[in-house]
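Q:
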Amino acid sequence: MPDVGSPAVEREDPVKPRRELAWLRRTRVPATFFGMVLGLCGLGNGWRAAARLGLAPGWVGEALSLLGVAVWAAWLVFYTARWLNDRETVLFEVRDPTSSFFASLAPVATMIASVGLAPHCPGAAWAMALTGLVGTTLFAVWGVGGLWMGDRAFEATTPILYMPTVGGGFVAAITCAAFGMKELGLLFFGAGLLSWLTLESVVIHRLILQTLPVSLRASLGLHLAPPAVACVAYLAVTDGPPDRLAQILFGYAMLHALVMVRLVPWLRQQPFSPAAWAYTFGVSALPLAALRLTERGLEGPSASLAVPLFAAANLIIGWISLRTLSLLLRGKLLPVRPL
Numbered sequence: 001m002p003d004v005g006s007p008a009v010e011r012e013d014p015v016k017p018r019r020e021l022a023w024l025r026r027t028r029v030p031a032t033f034f035g036m037v038l039g040l041c042g043l044g045n046g047w048r049a050a051a052r053l054g055l056a057p058g059w060v061g062e063a064l065s066l067l068g069v070a071v072w073a074a075w076l077v078f079y080t081a082r083w084l085n086d087r088e089t090v091l092f093e094v095r096d097p098t099s100s101f102f103a104s105l106a107p108v109a110t111m112i113a114s115v116g117l118a119p120h121c122p123g124a125a126w127a128m129a130l131t132g133l134v135g136t137t138l139f140a141v142w143g144v145g146g147l148w149m150g151d152r153a154f155e156a157t158t159p160i161l162y163m164p165t166v167g168g169g170f171v172a173a174i175t176c177a178a179f180g181m182k183e184l185g186l187l188f189f190g191a192g193l194l195s196w197l198t199l200e201s202v203v204i205h206r207l208i209l210q211t212l213p214v215s216l217r218a219s220l221g222l223h224l225a226p227p228a229v230a231c232v233a234y235l236a237v238t239d240g241p242p243d244r245l246a247q248i249l250f251g252y253a254m255l256h257a258l259v260m261v262r263l264v265p266w267l268r269q270q271p272f273s274p275a276a277w278a279y280t281f282g283v284s285a286l287p288l289a290a291l292r293l294t295e296r297g298l299e300g301p302s303a304s305l306a307v308p309l310f311a312a313a314n315l316i317i318g319w320i321s322l323r324t325l326s327l328l329l330r331g332k333l334l335p336v337r338p339l
């Protein structure tokens, strides 16, 4: 007979762990969620550059970078669970001409997260960087091979085409430079630059002749990114004062940014969703390019624009973060497969 005065012993519910595991299996995190890592870690790098210029405290950049790493780790767990429990759906997305290249965000985000983690845990960061470099290279080879075989629908041509080779190449160059491999970084930069020059005319041709569906308009955020990320990558793999090419890339990035501002009413026809994080890749890279140019000794327009662009990037990414957090708190962020 139990002692009446003793506290009741609570028994663990054996069903609860099974329910939590079932929820993890049913959660369908898409590859596009890795775009959050690009924005958070990119903004963190901007704060790091601002701190080196004496414009901001150093802890903010480190906090944002580590937050980006934590988000990367969370989405990696969920996305891996999808591969294990919902493989047919994931493979369908990988084979779909319109959405297949979104999967390249996973290795690209891994590289950016490695740069964010490097000052705090160099060993783990190096392993992440190596994994991201290999994954990006393999995905680019697979993706470009598919493009060269042709038979691609005109409607499937969207700015996501930039991701494996252009975004992947430039981020790989930045990653290599961060780990002291600038010569290898130059090879990745060359692959990204020439891929961008060849693909941009294809993407613009599609944009001019046939409007993007409302559901895909956030992908234009990836069209904003290449010149700004190219400028950051070029500065990462070169030394000395910025040359004319760096300034040319920054100028083209500014043109893209102004065009995107002009398109805001048209872009806002798409309801807010996590797809909005596609904008943050270029939004974070543009002020980072200006700050890096200033850090390397360049004066003039880019130096004057650095702080206003940095402030605007914080406002934009902050707004997207708050809207995303609101979705999470209301239980509307993570798609769940019905039972």
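Quick note: the sequence shown uses UniProt numbering, first residue 1, plus one each step.
All residues carry an ideal CB built from backbone N, CA and C; glycine is no exception.
1) Take V105 as the anchor and find which of A275, R323 and G331 has the nearest alpha-carbon.
2) I need the boundaries of the alpha helix (DSSP H) containing M163, first residue and last residue.
3) Do you know how far the Cα of A218 is from the Cα of G240?
4) List the endpoints of the continuous alpha helix (DSSP H) containing W266.
5) Between the stretch 184-196 and the stretch 224-234, can you find at least three pairs of beta-carbon atoms closer than 8 Å?
6) T32 by DSSP, collapsed to three states: which one?
7) From V29 to L193, what distance separates their C-alpha atoms?
8) Kindly indicate which residue of M111, N314, G143 and A228 has the alpha-carbon position closest to the one of V37.
9) Considering only residues of the stretch 261-323, which uninterrupted alpha helix (DSSP H) runs meet the minimum length of 4 residues and lie entirely inside it, listed in chain order?
10) Among G61, L53 and A225, which one has its Cα closest to the Cα of G35?
11) Alpha carbon to alpha carbon, how far is L197 from R330?
12) To the nearest angstrom, how far is the alpha carbon of C176 from that of L130?
13) When the Cα atoms are used, what is the spatial distance from S201 to T32?
14) As a quick exercise: from F272, W266, S273 and A313, pick the residue whose alpha carbon is nearest that of P287.
15) Please confirm whether G44 and G61 have their CB atoms less than 8 Å apart.
16) Is the Cβ-Cβ distance between T165 and V134 less than 8 Å?
17) Short check: CB of Q270 to CB of S215, under 8 Å?
18) Whole angstroms are fine: how far does the CA of L67 sit from the CA of V15?
19) Here's the rule: buried if 16 or more other CB atoms are within 10 angstroms of the residue's CB, otherwise exposed. What is F139?
20) Taking the alpha helix (DSSP H) that S100 falls in, what are its first and last residues?
21) Using DSSP with H/G/I as helix, E/B as strand and the rest coil, what is A247?
22) Just to confirm, is the Cβ distance from G46 to L291 under 8 Å?
23) Here's the rule I'm using: 16 or more other beta-carbon atoms within 10 Å means buried, otherwise exposed. How should P227 be labelled?
24) In three-state DSSP terms, what is P57?
25) Ignore the nearest five residues each way along the sequence and tell me which others in V71's own chain have a CB closer than 8 Å to its CB.
A: Here's the rundown:
1) To locate residue 105, count along the sequence shown from 1; it is residue 105. The sequence given here has Leu at residue 105, not Val. Considering only alpha carbons, the answer is A275.
2) Position 163 of the sequence shown, counting from 1, holds the residue named residue 163. Segment: none, M163 is in no alpha helix (DSSP H) and carries neither H nor E.
3) In the sequence shown, the residue the question calls residue 240 occupies position 240. In the sequence shown, the residue the question calls residue 218 occupies position 218. Answer to the nearest angstrom: the Cα atoms are 36 Å apart.
4) Here residue 266 refers to the residue found at position 266 when the sequence shown is read from its first residue. It spans V264 to L267 - the alpha helix (DSSP H) in which W266 sits, taken as one unbroken run.
5) yes
6) Against the sequence shown, residue 32 aligns to sequence position 32. If DSSP states are grouped into helix, strand and coil, T32 belongs with the helices.
7) The residue given as residue 29 occupies position 29 in the sequence shown. The residue given as residue 193 occupies position 193 in the sequence shown. Distance between the alpha carbons of V29 and L193 is about 31 Å.
8) The residue labelled residue 37 in the question sits at position 37 within the sequence shown. That would be M111, whose Cα lies nearest to the Cα of V37.
9) 264-267 and 278-295
10) Numbered from 1 along the sequence shown, position 35 holds the residue referred to as residue 35. The shortest C-alpha separation from G35 is found at A225.
11) Within the sequence shown, the letter at position 197 stands for residue 197. Within the sequence shown, the letter at position 330 stands for residue 330. The straight-line gap from Cα to Cα measures roughly 42 Å.
12) Within the sequence shown, residue 176 is the residue found at index 176, counting from 1. Within the sequence shown, residue 130 is the residue found at index 130, counting from 1. Each residue's Cα considered, the two are about 9 Å apart.
13) The residue given as residue 201 occupies position 201 in the sequence shown. The residue given as residue 32 occupies position 32 in the sequence shown. Approximately 24 Å between the Cα atoms of the pair.
14) As a position in the sequence shown, residue 287 is number 287, starting the count at 1. Out of F272, W266, S273 and A313, A313 has the C-alpha closest to the C-alpha of P287.
15) In the sequence shown, counting from the first residue as 1, residue 44 sits at position 44. In the sequence shown, counting from the first residue as 1, residue 61 sits at position 61. Their beta carbons are under 8 Å apart, which means G44 touches G61 by this criterion.
16) Stepping through the sequence shown from its first residue, residue 165 is reached at position 165. Stepping through the sequence shown from its first residue, residue 134 is reached at position 134. Going by C-beta atoms, T165 is not nearer than 8 Å to V134.
17) Within the sequence shown, residue 270 is the residue found at index 270, counting from 1. Within the sequence shown, residue 215 is the residue found at index 215, counting from 1. In contact: Q270 and S215 (Cβ atoms closer than 8 Å).
18) Position 15 of the sequence shown, counted from the start, is the residue given in the question as residue 15. Position 67 of the sequence shown, counted from the start, is the residue given in the question as residue 67. Low confidence applies to V15: its pLDDT is 48, below 50, so where it sits in the model is not reliable, and the reading given next is rough at best. When rounded, the distance between both Cα atoms is 32 Å.
19) Position 139 of the sequence shown, counted from the start, is the residue given in the question as residue 139. F139 should be labelled buried.
20) The residue you call residue 100 lines up with position 100 of the sequence shown. Where S100 is concerned, there is no enclosing alpha helix (DSSP H), given that its DSSP letter is neither H nor E.
21) Taking the first residue of the sequence shown as position 1, residue 247 is located at position 247. A quick correction: the sequence has Gln, not Ala, at residue 247. Here Q247 sits in helix by DSSP.
22) One-based indexing of the sequence shown puts residue 46 at position 46. One-based indexing of the sequence shown puts residue 291 at position 291. Contact: yes.
23) Numbered from its first residue, the sequence shown carries residue 227 at position 227. Buried, because 16 or more other Cβ atoms sit within 10 Å of the Cβ of P227.
24) Taking the first residue of the sequence shown as 1, we reach residue 57 at position 57. If DSSP states are grouped into helix, strand and coil, P57 belongs with coil.
25) Counting from 1 along the sequence shown, the entry for residue 71 is found at position 71. Excluding sequence neighbours, V71 sits near M36, V37 and L40.
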